[in-house]
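J.: Quick one: this structure, given as structure tokens, is what I'll be asking you about.
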Amino acid sequence: MNPVKKLEEHGQAVWLDFLARGFIAKGDLKQLIDQDGVKGVTSNPSIFEKAIGSSDEYDAPIGKALKSGDRPVSALFEALAVEDIQHAADVLRPVYDRLDGNDGFVSLEVSPYLALDTKATIAEAKHLWKAVDRKNLMIKVPATDEGLPAIEHLIGKGISVNITLLFSQAVYREVAEAYLAGLESYVEGGGDPSHIGSVASFFVSRIDSMVDKQLDEKIAKANDPSEKERLAALKGKVAIANAKMAYQDYKRLFSGARWEALAAKGAKPQRLLWASTGTKNKDYRDTLYVEELIGPNTINTVPPATLDAFRDHGKVRDSLEENVEDAKAVLDELAHTGISLDAITAELVNDGVKQFADAADKLYGAVAHKRATVLGADIGKQTIATGAEFDKKVAKATEDWRAGAKIRRLWQKDSSVWTDQDEHKWLGWLTSAAKADLRDYEDYAQRVKGQKFSDAVVLGMGGSSLGPEVLAETFPRKSGFPKLHVLDSTDPAQVRAMEKAIDISRTVFIVSSKSGGTTEPNAMKDYFFARVSDAIGAARAGHRFIAVTDPGSSLEKTAQRQGFARVFHGESTIGGRYSVLSPFGLVPAATAGIDVRKLITNALSMVRSCGADVPPRENPGVQLGLAMGLAGLEGRDKVTIFSSPKIADFGAWAEQLIAESTGKEGKGLIPIDGEPLGEPALYGNDRFFIDIRTEGEQDDVHEQKLEALEQAGHPVARIVMQSIDHLGQEFFRFEMAVAVAGSVLGINPFDQPDVEAAKIKTRELTAEFEKSGALPSEQPVMSAKGCELYTDAHNAEALREHGADGSLTSWLKAHLARADKGDYVALLGYVERNDGNIDALQAMRVRLRDSKHLATCAEFGPRFLHSTGQAYKGGPDSGVFLQITADDAADLDIPGQKASFGIIKAAQARGDFDVLTERGRRALRVHLKGNLKSGLKMLDAAITDALS
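Our numbering numbers the first residue of the sequence shown as 3 and each following residue consecutively.
Here is the structure:
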């Protein structure tokens, strides 16, 4: 007789430790049931990973599943696993029915990630039990300290359980107790226990592997031949002895009055299942752990190779109760050698949890890869070329992140991923897209459309304005909806230009401020509220204003008092720069008629791609973040962003995210936005390049230059979006990447400790103005026709030592001479941000870059104070700053305030500069007098002379 089939005569069932879709579909499982009497199937992440990752048989099912809509990797795997388990259960159902529910089970494991979480284990087990919906299912739960109460609870709810990762006799007794207590609870509640099945999967070969290793170490150290012989005699015997003694516990536990009372109600005993029975030591017989553990009412679950081996040459006998006293003596002898079996079994549990989690990582990585392949261009393609040596560092960091479960911990809001401070309070952005009330946004959009507004103006700063600005600049105007504008300046000319660009009587204003106390949006709101009141009447003015703010803010109170049309609440756990996929970005989008549902739906695909269930190697946000962070640690801290014409403004948003998140504690990444792409010779070894474009914007010349940068050894990340409708994906990709980079850099990416310093200085200066009617006087270090120069005494002394005298050129030459290898030069213009001034600063920065081969920034104040200003003050001391201020051609009063827009802007510029110099930064301020256009030409000429 077939030795496998013959095991039935000895009361032992054989289960197969293997499962695959084709294996079931082709009838192979049915054949084993008929041929060998196989009576059950077990599965685990390692089994599924081999089935899914090592073949293409799951490609079509994955494609089919995704046709009905994208889903998280874990949900996609679950759908596949549930279907496989259902099919296997259906094949085994005749066995289950023939044996009155005593066998014929299929096991499905709860996520190994939950092994140390009782509540989550219970919740997932209940979910899987319901999803599979088969009587002959067992849910696998590990025998960890946290798993034990879950086992009792699940049995008490009538759910069949396979307990896994069981090594210790003592823990086995606890497992049996949990089963018995669960049955008693179920019966007490009126349940019929006859349908509940349970097995205790007692692992075997792994014990010998670890014991034998320690015995070999002792044998090597022993000098006495008899001692060596004594120790060697224990090899290959401990695991079997341990299992035999556990079986003695089984017989005792499932007899006597307590058990008989349950059995009378129809309860079935929890059988011992011998797991890990494939022989790992080649010196041992390949059927050892089957032949030595044959006994009544037990199960041996075997991998296919062991099943084949036993069928071929297995020997069957009643071995489980042979020499029980000898088994006890083996365990006593092991203890006598100084090897603790308890310590080994405890270590094996911990190692087992880790191994199962590692297998789950591989499994989810395989599913993530296949999902990404099926979705293709629906997820923005990302490639990162960093060179062989740097690739090794990224690979090591990737493995560190995987082994440390950091992406799962990040999603669990574990502050220890960063600095273990208050980071957990600022992770609402992870779920903001999923929480978006799309119906409400769509209803609101239709109401806006019905009002026939000509224009919509966002009044905000930083994260409240830069995200909406990208939307306004990227999406064409939608028919029937207002044109979206963004105002984020206190420059009088810029405020006036905005007023001129819109029809004040047909404009809706979105006042956007998290705290409600930000100076600029409040001043802008006061100005335009008065203008709207003049145009349509004070009684109706509030109806033209929308507020986006955190609950309970001062802005919300103002909105209620002034009768705003609506207040949208932000999420208090989301910082401004991470808020674009929250109401701060979605309200302006809806106002402009942008398809918010499409924006969010596409964004959620990237959220899933960067999810907790996507291992770091397959996780695009983690990969980009690791590359950025590691590059920063190596001195490549100038993150240079090239955005294609269709998404040209994206870099301005990313700039704030990167700078404000990472630039602190003397560390950080300095984003460089707006520099044109040049030849490799123009760049130092401090650059990390990111190129982002949409499909169809292929520029051969641009691509050749990028390839040249790669060939020159510069790291280059490329991202290709399918269309502008996928912009939300890039918002989330970069948010995740920057959060990860912050972890690599060892900083908190969610605070902005140095932004407040400039605000305090500004408040002090405006308070002085409120008292005296003038800002405090200041003395220039140099005055010349058309300009004055200002700096602190320390900078002035240093510049004079470098040759600064009575000319603008000499001061600029001395100042720029201080910019050395690895530095960057930042032009900070507190002037109107219009096309002419943008071009003027751009010409200067390009000339500086090309001459000095340094990174350059061209920024406009006060907007950059809420963006890159954090990095300039708190980041690495590698910046050389040229602040540019000018006389305002005409100031603009703010209703209800003594300080005008011009005064506030001047106070902001001076406050910003004061903090830079207090921090020891290399900073010089040039104040242009008279005509601004002429002044900028003069400055440009002076810079040219200084560089010559």
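Backbone N, C-alpha and C define an ideal beta-carbon position, used for all residues, glycine too.
Give the C-beta separation of P585 and V624 to the nearest angstrom, bearing in mind that I take them to be a contact with Cβ-Cβ under 8 Å.
T.: Not a contact, Cβ separation roughly 27 Å.
J.: Determine whether the beta carbon atoms of L185 and P195 lie at a separation below 8 Å.
T.: Yes, these two residues count as a Cβ contact at 8 Å.
J.: In this structure, what does DSSP give as the bridge partners for Q2?
T.: This structure cannot speak to residue 2, because the chain is shown only from 3 to 950.
J.: By the 10 Å Cβ neighbour count, where 16 or more other Cβ atoms means buried, how is T385 classified, buried or exposed?
T.: Looking at its Cβ environment, which holds fewer than 16 other Cβ atoms inside 10 Å, T385 is exposed.
J.: So if DSSP puts H929 in a beta bridge, which residue, or which two residues, is it bridged to?
T.: Its beta-bridge partners are E790 and T887.
J.: Is the region 750-762 in contact with the region 400-408, if contact means three or more CB pairs nearer than 8 Å?
T.: With a cut-off of 8 Å, the region 400-408 and the region 750-762 do not count as touching, because too few Cβ pairs lie within range.
J.: When DSSP builds the beta bridges, which residues end up paired with E111?
T.: Paired residue(s): K142.
J.: Pick from L679, R508, A245 and V582: whose alpha carbon is nearest that of S170?
T.: Nearest of L679, R508, A245 and V582 to S170, Cα basis: A245.
J.: Among S556, I221, R563 and N687, which one has its Cα closest to the Cα of G544?
T.: Measuring from the Cα of G544, the nearest candidate turns out to be R563.
J.: Rounded to whole angstroms, what is the Cα-Cα separation between I538 and S507?
T.: Spanning the two alpha carbons is a distance of roughly 6 Å.
J.: Less than 8 Å between the C-beta atoms of N4 and R313, yes or no?
T.: Taking 8 Å as the Cβ cut-off, N4 and R313 qualify as a contacting pair.
J.: Alpha carbon to alpha carbon, how far is A816 from G676? Give it in angstroms, no decimals.
T.: Near 26 Å, if we compare the C-alpha coordinates of A816 and G676.
J.: Jot down the residue ranges of each uninterrupted beta strand (DSSP E) in the region 455-543, minimum 3 residues, whole runs only, in chain order.
T.: Those beta strand (DSSP E) runs which fall completely within the region 455-543 and span 3+ residues are 457-461, 485-489 and 509-514.
J.: Since I believe D879 is in contact with L932 (beta carbons under 8 Å), could you give me their beta-carbon distance rounded to a whole number of angstroms?
T.: Note that residue 932 is Gly in the sequence shown here, rather than Leu. With 8 Å as the limit, G932 and D879 do not qualify as a contact, their Cβ atoms being about 34 Å apart.
J.: Alpha carbon to alpha carbon, what distance is there between L275 and Y291?
T.: If you take the alpha carbons of Y291 and L275, they lie about 12 Å apart.
J.: Is the beta carbon of F915 less than 8 Å from the beta carbon of Q872?
T.: No.
J.: So, for V742: in the same chain, excluding its five sequence neighbours on each side, which residues have a beta-carbon less than 7 Å away from its beta-carbon?
T.: Same-chain partners within the cutoff: G623, V624, G627, L628 and G631.
J.: Can you tell me where the alpha helix (DSSP H) holding L185 begins and where it ends?
T.: Where L185 is concerned, the enclosing alpha helix (DSSP H) stretches over Q171 to E190.
J.: Going by alpha carbons, who is nearest to K437 out of T521, I576 and F477?
T.: Ranking T521, I576 and F477 by Cα distance to K437 puts I576 first.
J.: Ignore the nearest five residues each way along the sequence and tell me which others in A857's own chain have a CB closer than 6 Å to its CB.
T.: Cβ neighbours of A857 beyond the five flanking positions: K640, I674 and Y826.
J.: Go ahead and label L429 buried or exposed: buried means 16 or more other beta carbons lie within 10 angstroms of its beta carbon, across all protein chains shown.
T.: L429 should be labelled buried.
J.: On the CB-based measure, 16 or more other CB atoms within 10 Å of its CB, does R101 come out buried or exposed?
T.: Note that residue 101 is Leu in the sequence shown here, rather than Arg. It counts as exposed.
J.: Between which two residues does the beta strand (DSSP E) holding G42 run?
T.: Residues V40 to V43.
J.: Spatial neighbours of Q496 within its chain, please: C-beta separation below 8 Å, excluding the five flanking residues on both sides.
T.: Cβ within range, chain order: L489, E834, R835 and N836.
J.: For E861, list the residues DSSP reports as bridge partners.
T.: DSSP lists L830 as partners of E861.
J.: Excluding five sequence neighbours on each side, which residues of the same chain lie with their C-beta closer than 7 Å to the C-beta of L9?
T.: So the list reads V16, I296 and V318, once near-sequence residues are dropped.
J.: Pick out whichever of K408, Q844 and S481 has its Cα sitting closest to the Cα of C612.
T.: Selected option, being the one with the closest Cα: K408.
J.: Given that a residue counts as buried once 16 or more other Cβ atoms are within 10 Å of its Cβ, and exposed if not, what is N302?
T.: Counting Cβ neighbours within 10 Å, N302 comes out buried, since at least 16 surround it.
J.: Between which two residues does the beta strand (DSSP E) harbouring V550 extend?
T.: Unbroken beta strand (DSSP E) run through V550: F547 to T551.
J.: Are three or more beta carbon pairs between the region 578-595 and the region 462-482 nearer than 8 Å?
T.: Contact between the region 578-595 and the region 462-482 is present, because at least three Cβ pairs lie under 8 Å.
J.: In three-state DSSP terms, what is V16?
T.: DSSP places V16 in strand when its eight states are reduced to three.
J.: Whole angstroms are fine: how far does the CA of V718 sit from the CA of K900?
T.: Between K900 and V718, the C-alpha separation is close to 50 Å.
J.: Cα-Cα, which of Q844, K669, W655 and A909 is closest to S779?
T.: Per the Cα distances, A909.
J.: Among P271, D99 and L156, which has the Cα closest to the Cα of A127?
T.: It is L156.
J.: So, does the region 601-609 touch the region 695-702, judging by three or more C-beta pairs under 8 Å?
T.: Flag = no, the region 601-609 and the region 695-702 do not touch.
J.: Which partner residues of L275 appear in the DSSP bridge assignment?
T.: DSSP output for L275 lists S203 and I301 as bridge partner(s).
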